[in-house]
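**Student:** I am attaching a structure below and will ask some questions about it afterwards.
2 protein chains.
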Amino acid sequence: MEERDEQTQPVSSAFDRDISRLKEMHPSDIAEAIEDRELSEIRSVLREFSDEYVAEILTELPQEIQTDLMENMRLDRVSEIIPEMYSDDAADALGQVSPERLKSIMDQLPDADVEEITTLLEYPEDTAGGIMRKEVHTVLTSMALSEAREAIRRGEEEDQDNALYVYAVDENGRLQGVLRLRDLLFRDLRLKVSSVMITDVRSISVNADQEEIANIFQKYNYLALPVVDDFGKLVGLVTSDDVIDVIQEEATEDMQRMVGLSGEEMVTTHWSRSAKNRIPWLLVNLGTAFLAAWVVSMFEDTLVKYAMLAAFLPIVGGMGGNAGAQTLTIVVRSLALGEIEDNEWRRVLIKEILIGSVSGVVIGATVGLISWLWMGSWVLGGVVCLAMQLNLLAAALAGVMVPIGLRAVKVDPALASSIMVTTVTDVMGFFLFLSLASIALKFLAL
Amino acid sequence: MEERDEQTQPVSSAFDRDISRLKEMHPSDIAEAIEDRELSEIRSVLREFSDEYVAEILTELPQEIQTDLMENMRLDRVSEIIPEMYSDDAADALGQVSPERLKSIMDQLPDADVEEITTLLEYPEDTAGGIMRKEVHTVLTSMALSEAREAIRRGEEEDQDNALYVYAVDENGRLQGVLRLRDLLFRDLRLKVSSVMITDVRSISVNADQEEIANIFQKYNYLALPVVDDFGKLVGLVTSDDVIDVIQEEATEDMQRMVGLSGEEMVTTHWSRSAKNRIPWLLVNLGTAFLAAWVVSMFEDTLVKYAMLAAFLPIVGGMGGNAGAQTLTIVVRSLALGEIEDNEWRRVLIKEILIGSVSGVVIGATVGLISWLWMGSWVLGGVVCLAMQLNLLAAALAGVMVPIGLRAVKVDPALASSIMVTTVTDVMGFFLFLSLASIALKFLAL
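First to last, the protein sequences are chains A and B.
Going by the UniProt record's numbering, the first sequence opens with residue 1, and the numbers climb by one from there.
Going by the UniProt record's numbering, the second sequence opens with residue 1, and the numbers climb by one from there.
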């Protein structure tokens, strides 16, 4: 018995030490510290924290773990944690939960929370409605400033939240203006809200796309923007910290999609899930690789006569791929940042063709000269030079037209654009080089 | 004479119409509308706006145009516009101006502005000091709340700015706490600032790197953070709109650097400058392309015997490149977002090796089978299959080790990583495939 006690003692105190160490940390740090553990372990850690604290930790955990916890935690605990969360965080936590479980949870929640969360769950994830919170400090335009102050005090007590912006609405809830701190602090308290508020207040539609919202925040340097529905009714608030998350997500998504990743893969994603996501894409790539191989195979006669031509295939194809990737990256990124207007793609195309021509001359001459010196054949040098020049032009064309074309048919310009451009530069590069070489072989000696 | 008048009339009124159209727009929109025009035209447009408005437009123009304007506008106009700008924007506008011109401008400015701007110009651009503004609403901890309110009122009048956060400092200017709106609105005005402020206030060091700051804002969802010097003295404020700009910049930079672009190229960059930036990089690529070509040339004997092997080079090399790009993108992005701790790279490596092995089996088997059917040689199929498997492993290794290695030697993991990984996958792919094929040719018939 004694021995057993000695064995369990250290385990239990290790857990206690762990908890007391975690208790000194910020909820975001706790989330980071525990996210790699087993679900059961995460649950026992969370049991040691108050509802309010768990609400904050939960928000910072990866989506999958949030869903798992919502599915598996005790129902009464869930129903106490959810009301402590911002409505948008609660909606995120519950977004992937099974319908039956969601119903059981909702049955336990106060009506006001159910309504807020349900509304949010109905908006698409990537719109203003999907990222906004419902909690906004509002006052009526008809209130006196003294009443407005009282309303803010009550609001702050309910939400435990600092009122940064206070919006004024009419009796139908339509957004009319915004109140500044100084108006509340320094004006005569008998004045009406409507007489001191700023009426020139920008808002975003609840249906606005999150990428568009990010561009608005970036361009105009807002810290927060009110969200209105189709009737001008104030329905929520998007703050710049939400926008920061959106921007990081969108940038990650674009980078990933360009190389055929899902857009949501993380280093923490389980390897088997990553493999399952990546392999189909690699198989698509394989198709295009065989296309390039088939082009090469058409020139078997030429290759049989002059096997060393094979050594120049990766040079012509690869350099086209590199130049195409440069053009593509500039274009995809500029499209994402809203820097290319609908009618501006021609200017971009002309620019890239100019760059392609100049680099074609420089790179073509260099590669031609080296090839001539290496193989001792000026004809071969000329063939490589010309093929390179033409392929860099093809790279510029593909690098601009693929993403612009994808956008025109409403597909994400980042999606698969990299593979399409590489296919063009490989196929064109091999075809140009081998057909020029075949002609040269026919009429001249290589 | 009359005819001439008729000719000039419409021109002048077109300008007037342009100006009255611009006058209805937000400064950010005006900047966007005029940024593509000639410098002289931009100057004549800006002449039509007040100093305050020009200050806001200027801030939103591209860096190069800001510098040009600072160099070429009338000195007395510049000296009236600068004081209307936030100190950080003023420092950005003046950052690239020639030393002589800067001195002439500084001589015309009020001493307080000169001091603020000079301090900011001394901080490296990519640190907290480089992105913060000097304007912060501060009160002394020893003040009564009534005095604090008075101080904020004066501050707001000077800066024309909404006080969102009010920081409390001791008599040496050291940050002690933060005041909430509710403390100013609802507490007894005779209370001391020190007795109502929140003392648990997070700050960032003036030397903190901007990427690190972006990660802090993202993780903890701040809207603003005070900046302190080495002595804990409050020296500025970073707001989340500054962070949004940093995040977009960093993401653009990473995307561009991965494909060998400068990190600062835009669609608006002049084509000749883009070409000058891109060509050196393409020449470096050319070196690695010749390396791959040299590997191929070593197997001339094999290629002479079986020319069709050339068709399989792009398949083995290209697929390795694609898989490597996927791994690389995940790792580079995770490093940028601070998701890979120093000791975690082994876990990432193991994960990618697992993915590489599984996709190696799947892709290898597929490519082997197709090759067998296409060329009617099971030996060739086997060679392609094995080479593909090994090359996908090499891709996983290179995709992880190149960026991790670059970071270990304090080089940006995005920089040139793409070319290095492609070089590995090309060289390894060609070598593996051709050497396996040579062995097979020696002992078996392909």
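Where a beta carbon is used, it is the ideal one built from N, C-alpha and C, also for glycine.
For Arg4 of chain B, does the count of other Cβ atoms within 10 angstroms reach 16, so buried, or fall short, so exposed?
**Tutor:** At Arg4 of chain B, the pLDDT of 45 sits below 50, so the modelled position is not reliable and the matter cannot be decided from this model.
**Student:** Tell me, please, whether the CB atom of Gly360 of chain A is closer than 7 Å to any CB atom in chain B?
**Tutor:** Taking Cβ atoms only, chain B never reaches closer than 7 Å to Gly360 of chain A, which makes this a no.
**Student:** In three-state DSSP terms, what is Lys23 of chain A?
**Tutor:** In the structure shown, Lys23 of chain A sits in coil (DSSP, three-state: anything other than H, G, I, E or B).
**Student:** According to DSSP, is Arg133 of chain A part of a helix, a strand, or is it coil?
**Tutor:** In the structure shown, Arg133 of chain A sits in a strand (DSSP, three-state: E or B).
**Student:** Please confirm whether Tyr53 of chain B has its beta-carbon closer than 7 Å to some beta-carbon of chain A.
**Tutor:** No - not a single Cβ of chain A is within 7 Å of the one on Tyr53 of chain B.
**Student:** In this structure, how does DSSP classify Asp209 of chain B when only helix, strand and coil are distinguished?
**Tutor:** strand
**Student:** Using alpha carbons as the reference points, say which of B:Pro83, B:Leu46, B:Glu56 and B:Ser50 lies closest to Asn72 of chain B.
**Tutor:** B:Leu46
**Student:** What residues from the UniProt domain "CBS" (197-253) of chain A come within 9 Å of chain B, judged by C-beta to C-beta, listed N to C?
**Tutor:** Result list: Arg202, Ala214, Phe217, Gln218, Lys219, Tyr220, Asn221, Tyr222, Leu223, Ala224, Thr239, Ser240, Asp241, Asp242, Val243, Ile244, Asp245, Ile247, Gln248, Glu250, Ala251 and Thr252.
**Student:** Examine chain A for any beta-carbon lying closer than 7 Å to the beta-carbon of Lys134 of chain B, and answer yes or no.
**Tutor:** no
**Student:** What is the rounded straight-line gap between the Cα of Ala395 of chain A and the Cα of Pro99 of chain B?
**Tutor:** Approximately 42 Å between the Cα atoms of the pair.
**Student:** May I ask you to report which of helix, strand or coil DSSP gives Arg190 of chain B?
**Tutor:** coil
**Student:** Taking Cβ positions only, does Pro314 of chain A come closer than 7 Å to chain B?
**Tutor:** So, interface residue.
**Student:** Report the three-state DSSP secondary structure of Ile198 of chain B (helix, strand or coil).
**Tutor:** strand
**Student:** Which value, in whole angstroms, describes the spacing of the CA atoms of Ser297 of chain B and Ile315 of chain B?
**Tutor:** 18 Å
**Student:** Locate the beta strand (DSSP E) running through Gly236 of chain B, then write down its first and last residues.
**Tutor:** Secondary structure note for Gly236 of chain B: its beta strand (DSSP E) is the uninterrupted segment Leu234 to Thr239.
**Student:** Check for me: the alpha helix (DSSP H) holding Gln108 of chain A runs from which residue to which?
**Tutor:** Pro99 to Gln108
**Student:** With a CB to CB cut of under 8 Å and the five nearest residues on each side skipped, what residues in its chain are close to Glu250 of chain B?
**Tutor:** Gln210, Glu211, Ala214 and Ala336
**Student:** Please name the residue, chosen from A:Ala289, A:Glu150 and A:Ser377, that lies closest to Met428 of chain A on a Cα-to-Cα basis.
**Tutor:** A:Ala289
**Student:** The alpha helix (DSSP H) that contains Gly368 of chain A, what's its start and end?
**Tutor:** Trp345 to Met375
**Student:** Excluding the five sequence neighbours on either side, which residues of its own chain have a C-beta within less than 7 Å of the C-beta of Thr327 of chain B, listed in chain order?
**Tutor:** Glu352, Ala395, Ala396, Gly399 and Val400
**Student:** Counting only the same chain and skipping the five closest in sequence on each side, list residues whose C-beta sits under 8 Å from that of Lys192 of chain B.
**Tutor:** Thr141, Ser142, Met143, Ala144 and Leu145
**Student:** Between Gly368 of chain B and Gly381 of chain B, is the Cβ-Cβ spacing less than 7 Å?
**Tutor:** yes
**Student:** Cα-Cα, which of A:Ala168, A:Leu185, A:Phe186 and A:Arg187 is closest to Val178 of chain A?
**Tutor:** A:Ala168
**Student:** Taking only the alpha-carbon atoms, compute the straight-line gap between Gly356 of chain A and Thr252 of chain A and give it to the nearest angstrom.
**Tutor:** 28 Å
**Student:** Against chain A, does Phe49 of chain B count as a neighbour if the rule is that its beta carbon must be under 7 Å from one of theirs?
**Tutor:** Not one chain A Cβ lies under 7 Å of Phe49 of chain B.
**Student:** If you drop the 5 nearest sequence neighbours on each side, which residues of the same chain put their C-beta closer than 7 Å to that of Pro124 of chain B?
**Tutor:** Gly130
**Student:** Suppose you measure from the CA of Val384 of chain B to the CA of Trp378 of chain A; what does that come to, to the nearest Å?
**Tutor:** Rounded to whole angstroms, Val384 of chain B to Trp378 of chain A spans 34 Å at the Cα level.
**Student:** For a contact defined as C-beta to C-beta under 7 Å, what are the partners of Val348 of chain A on chain B?
**Tutor:** Val267
**Student:** For Gln63 of chain B, count the other beta carbons within 10 Å of its own beta carbon; 16 or more makes it buried, fewer makes it exposed. Which is it?
**Tutor:** Exposed: under 16 other Cβ atoms inside 10 Å.
**Student:** What does the Cβ neighbour count give for Val139 of chain A, buried or exposed, with the cut at 16 atoms within 10 Å?
**Tutor:** The residue in question, Val139 of chain A, is buried, as its Cβ has 16 or more Cβ neighbours within 10 Å.
**Student:** Any C-beta of chain B sitting closer than 7 Å to the C-beta of Ser274 of chain A?
**Tutor:** yes
**Student:** At which residues does the alpha helix (DSSP H) containing Gly287 of chain A begin and terminate?
**Tutor:** Trp271 to Ser297
**Student:** Spatial neighbours of Arg37 of chain A within its chain, please: C-beta separation below 7 Å, excluding the five flanking residues on both sides.
**Tutor:** none
**Student:** Kindly indicate if chain A contains any beta-carbon less than 7 Å away from that of Ile279 of chain B.
**Tutor:** Interface annotation, Ile279 of chain B: in contact with chain A, CB-CB separation under 7 Å.
**Student:** Would you say Pro83 of chain B and Asp113 of chain B are within 7 Å of each other, going by their C-beta atoms?
**Tutor:** Taking 7 Å as the Cβ cut-off, Pro83 of chain B and Asp113 of chain B qualify as a contacting pair.
**Student:** Measure the alpha-carbon distance for Thr8 of chain A versus Phe15 of chain A and round it to whole angstroms.
**Tutor:** Because Thr8 of chain A sits at a pLDDT of 48, beneath the cut-off of 50, its placement in the model cannot be relied upon, and the following sentence gives the value as read from the coordinates. When only Cα atoms are considered, Thr8 of chain A and Phe15 of chain A end up about 11 Å apart.
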